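Notes for the one structure printed next.
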Amino acid sequence: MTVTILGAGIMGRTIALSFALANIDVNLYDVTNESLELAQKKILEHLEIQKEYNLVDDETKIMSHIDFVDNLEEAVKESEFIIEAVPEVLKIKEALYSKLSDLLTEDIIVASNTSTFSLEKLQKLYHYKDKICITHYFNPAHLVPLVEVVTNSMTEQDISFVKTLLEKSGKEVILLNQDIDGFVVNRLQAALLREAFNLVENNIASFEDIDKAVKFGPGLRWALNGPFEIADFGGLDTWDKVVSNLFPDLSNRQDTPEKLIEKNKLNELGTKTGKGFYDYSKVDLVNAEKDREKQMIEILITKNK
Ligand SMILES: NC(=O)C1=CN([C@@H]2O[C@H](COP(=O)(O)OP(=O)(O)OC[C@H]3O[C@@H](n4cnc5c(N)ncnc54)[C@H](OP(=O)(O)O)[C@@H]3O)[C@@H](O)[C@H]2O)C=CC1
Ligand SMILES: O=C(CO)[C@H](O)[C@H](O)COP(=O)(O)O
Numbered sequence: 002m003t004v005t006i007l008g009a010g011i012m013g014r015t016i017a018l019s020f021a022l023a024n025i026d027v028n029l030y031d032v033t034n035e036s037l038e039l040a041q042k043k044i045l046e047h048l049e050i051q052k053e054y055n056l057v058d059d060e061t062k063i064m065s066h067i068d069f070v071d072n073l074e075e076a077v078k079e080s081e082f083i084i085e086a087v088p089e090v091l092k093i094k095e096a097l098y099s100k101l102s103d104l105l106t107e108d109i110i111v112a113s114n115t116s117t118f119s120l121e122k123l124q125k126l127y128h129y130k131d132k133i134c135i136t137h138y139f140n141p142a143h144l145v146p147l148v149e150v151v152t153n154s155m156t157e158q159d160i161s162f163v164k165t166l167l168e169k170s171g172k173e174v175i176l177l178n179q180d181i182d183g184f185v186v187n188r189l190q191a192a193l194l195r196e197a198f199n200l201v202e203n204n205i206a207s208f209e210d211i212d213k214a215v216k217f218g219p220g221l222r223w224a225l226n227g228p229f230e231i232a233d234f235g236g237l238d239t240w241d242k243v244v245s246n247l248f249p250d251l252s253n254r255q256d257t258p259e260k261l262i263e264k265n266k267l268n269e270l271g272t273k274t275g276k277g278f279y280d281y282s283k284v285d286l287v288n289a290e291k292d293r294e295k296q297m298i299e300i301l302i303t304k305n306k
């Protein structure tokens, strides 16, 4: 069994690693050698951390499952499943799906890791419309277990092959039967962020305190339980009152919060520009990212994942 990942950026390389860690062979394709070399370096860094936790003992063996390929035809030849993780730019995806339409046959399923394009839009770009779905991974894909799989009425009805393969690579899969913007996770994240902005704008709490509230409050439970489980533990009679009292008072704004617009105008985009809501100019971000990765591993070990 060989899986091909197209695009070796942040997502592609960690998706490739998730398969390699499960001893599944992967072709990792990108257009330039520089991107492939960077991907190889980054994957080795992730593996160093895995070794620290005794999650792998032989990184050479894991690396032997990944072929770094700069030729598309070679990358997809004899591959049984393709995941596309090229930039979220329609023209780039369009050019790639046009080539794939010529190179692939109808027995191959292609999945896009798109964050924002609907499956219907992608189907318009690809010849075998019933053989394309969305597999939405989360960064870093070798650690975050969830994958959202999106199909629609045009997709081949039985995509159990995709679910089984993702589960074999250690993933927790949720299936969406409708092509809805934001899938499940980004809708939930956006709903929380909308209310968080509302609380800051109305001077009810600072953004630092809201982060603190989440990290030291429900965030701890969210690693263990989802909202419906939490409601069950709290009591549905209580949640009936919470919901009926609070829903009318929650933010339902449709536009982008002014603060977010202002931050974008100032090019204060977060860690990538050194400043967002917080100032990162004195923070060692490389180590901060590694520490975050280690903490995620510790949580996963605790959860037996
Ligand atoms: N970042 C995230 O948190 C998440 C992103 N996604 C989605 O995953 C996809 C990839 O995102 P991400 O990994 O962040 O993006 P990156 O920009 O990090 O990686 C994309 C990679 O694809 C390469 N590339 C460009 N054109 C082609 C091509 N024609 N064929 C093969 N490779 C190509 C790029 O090379 P070069 O740099 O040289 O252009 C780059 O190495 C997007 O659709 C994104 O929306 C989904 C979930 C989470
Ligand atoms: O879906 C996504 C990209 O496809 C991400 O959820 C979105 O970009 C936000 O990323 P993060 O939650 O890591 O900040």
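Quick note on the numbering used here: the sequence shown kicks off at 2 and runs consecutively. Every residue, glycine too, gets a C-beta built ideally from N, C-alpha and C. Quantities reported herein were computed from a predicted structural model and do not represent experimental measurements.
Straight-line Cα distance separating residue j from residue i
i: GLU38; j: TYR127; result: 29 Å
i: ASP256; j: GLU157; result: 37 Å
i: ASN199; j: ASN253; result: 9 Å
i: VAL174; j: LEU167; result: 7 Å
i: LYS172; j: LEU301; result: 12 Å
i: LYS216; j: GLU209; result: 11 Å
i: PRO219; j: GLU259; result: 27 Å
Residue i: first and last residue of the uninterrupted beta strand (DSSP E) it sits in
i: ASP26; result: 26 to 30
i: SER282; result: From DSSP, SER282 is part of no beta strand (DSSP E); its letter is neither H nor E.
i: THR5; result: 3 to 7
Beta-carbon spacing of residue i, residue j below 8 Å
i: LEU286; j: THR272; result: yes
i: GLU75; j: THR3; result: no
i: SER170; j: SER19; result: yes
i: ALA151; j: VAL163; result: For clarity, residue 151 is Val in the given sequence; the question names Ala instead. Cβ atoms of VAL151 and VAL163: not closer than 8 Å.
i: ASN1; j: ASP180; result: As displayed, the chain neither begins before 2 nor continues past 306, which places residue 1 out of reach and without an answer.
i: ILE160; j: ILE84; result: no
i: LEU7; j: HIS143; result: no
Beta-carbon separation (whole angstroms), residue i vs residue j, contact threshold 8 Å
i: PHE69; j: ALA40; result: 7 Å
i: ILE67; j: LEU48; result: At roughly 11 Å, the Cβ-Cβ gap does not stay under 8 Å, so ILE67 and LEU48 are not in contact.
For residue i, the three-state DSSP class (helix, strand or coil)
i: VAL148; result: strand
i: HIS47; result: helix
i: LYS276; result: strand
i: VAL244; result: helix
i: ASP68; result: strand
i: ILE175; result: strand
i: PHE139; result: coil
i: ILE133; result: strand
i: PHE162; result: helix
i: GLY271; result: strand
i: ILE181; result: coil
For residue i, the first and last residue of its enclosing alpha helix (DSSP H)
i: THR115; result: Careful: THR115 lies outside any alpha helix (DSSP H) and carries neither H nor E.
i: GLU107; result: Where GLU107 is concerned, there is no enclosing alpha helix (DSSP H), given that its DSSP letter is neither H nor E.
i: GLU259; result: 259 to 266
CB contact below 8 Å: residue i versus chain D
i: GLU107; result: The question asks about chain D, but that chain is absent: this structure has only one protein chain.
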